[in-house]
Amino acid sequence: MPTAARSGFRDRIQAWVGAAVGRPLTWVVLIALIAAWPISWALRTPVPPRLPVLGTVPPFELTAANGGRFGSKDLIGRVWLASFIFTRCQTVCPVITRQMARIQARTRNLEPAFHLVSITVDPGFDDPSRLAAYAREHRASPRMWTFLTGPVDTVRDAVSRGTDLVLVDSQGRIRARYDPEDAGSVERVVRDAALLVNRG
């Protein structure tokens, strides 16, 4: 394109832009388009489905690793994840506890609305001092993760299904179960816990 033609084309574009920018309606439309973009994006993002109610945890009170009493009353108003382990276990329990530790690291931003609870199924051996040592070994934060011992049959019968991790909402209702040996379980727990904390 000859230099004169390019110059004339550029002048026409500049004149058009200058005229458009000078019109209040142009600014209104531009601002509306900018504001609508995040709304449009949010509407296209799928909303996770609500978790079903799978049952209710019965009232319970057990002994914590610090020697104090701890139970369902202490968890009212908090979303929590239960696991069932014992310290002498050399099969699936180390996997369960490692997954719980990963979940602890990923959910610190949800504390104190979210809590982890590990209950021993070998209370005759796992006294509070052994549980405390086990908790330290796995870098459990006492503010976020409580280890319990005592007669757990009622709780286990209502909550546990094998080695599943069990997610309980702030009203004591069971909302989800997870296979700790599933590679995607940590991601799902983190997502679902945040969903319950934020939406119920």
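Its first residue numbered -13, the sequence shown is counted upward by one per residue in my numbering.
Even for Gly, the Cβ is constructed at its ideal location relative to N, Cα and C.
Residue i - containing alpha helix (DSSP H), residue span
i	result
Leu65	In the sequence as presented, Leu is not what sits at residue 65; that position holds Val. No alpha helix (DSSP H) contains Val65, which is instead part of the beta strand (DSSP E) from 65 to 71.
Ser58	58 to 61
Glu123	114 to 123
Ala51	No alpha helix (DSSP H) contains Ala51, which DSSP labels as neither H nor E.
Val152	Run containing Val152: none in the alpha helix (DSSP H); it sits in the beta strand (DSSP E), 151 to 154.
Arg159	Arg159 -> not in any alpha helix (DSSP H); beta strand (DSSP E) instead, spanning 159 to 164.
Cys79	79 to 92
Residue range of the unbroken beta strand (DSSP E) whose run includes residue i
i	result
Val183	Looking at the DSSP string, Val183 is not in any beta strand (DSSP E); the run it does join, the alpha helix (DSSP H), is 171 to 185.
Thr135	131 to 135
Thr106	100 to 106
Backbone CA spacing between residue i and residue j [nearest angstrom]
i	j	result
Lys59	Pro44	11 Å
Gly170	Val176	10 Å
Val39	Leu151	15 Å
Gly41	Leu181	18 Å
Val172	Asp(-3)	60 Å
Ala119	Arg36	38 Å
Val138	Arg185	30 Å
Cys205	Tyr164	One cannot answer for residue 205 here, as it falls past the ends of the chain, which runs -13 to 186.
Arg174	Arg84	15 Å
Asp155	Gly110	30 Å
Asp168	Ser127	24 Å
Pro166	Ala91	16 Å
Assumed close pair residue i, residue j - CB separation to whole angstroms, cut-off 8 Å
i	j	result
Thr149	Ile82	6 Å
Leu153	Arg142	Their Cβ separation, rounded to whole angstroms, is 16 Å, which puts Leu153 and Arg142 out of contact at 8 Å.
Leu117	Ala51	4 Å
Ile71	Cys79	4 Å
Phe46	Gly57	5 Å
Ala179	Thr93	6 Å
Reference residue i, options the options, closest by Cα
i	options	result
Leu134	Ala68, Asn95, Gln85, Arg74	Ala68
Asp112	Val183, Pro35, Leu48	Leu48
Val183	Arg163, Tyr164, Gln157, Pro166	Gln157
Thr73	Gly57, Ser115, Gly53	Ser115
Met130	Cys75, Ala87, Arg55	Ala87
Arg159	Val145, Pro166, Ser127	Val145
Arg55	Ser127, Asp168, Pro166, Gly136	Gly136
Neighbour flag for residue i against chain D, beta carbons, 9 Å
i	result
Ser156	Among the chains of the structure shown, chain D does not appear; only one protein chain is present.
Item to check | Inter-stretch contact at 8 Å, needing at least 3 Cβ pairs: the region 105 to 114 / the region 122 to 131 | outcome: no
Next on the checklist: Pairs of beta-carbons, one from the region 63 to 78 and one from the region 95 to 102, closer than 8 Å: are there three or more?
Outcome noted: yes
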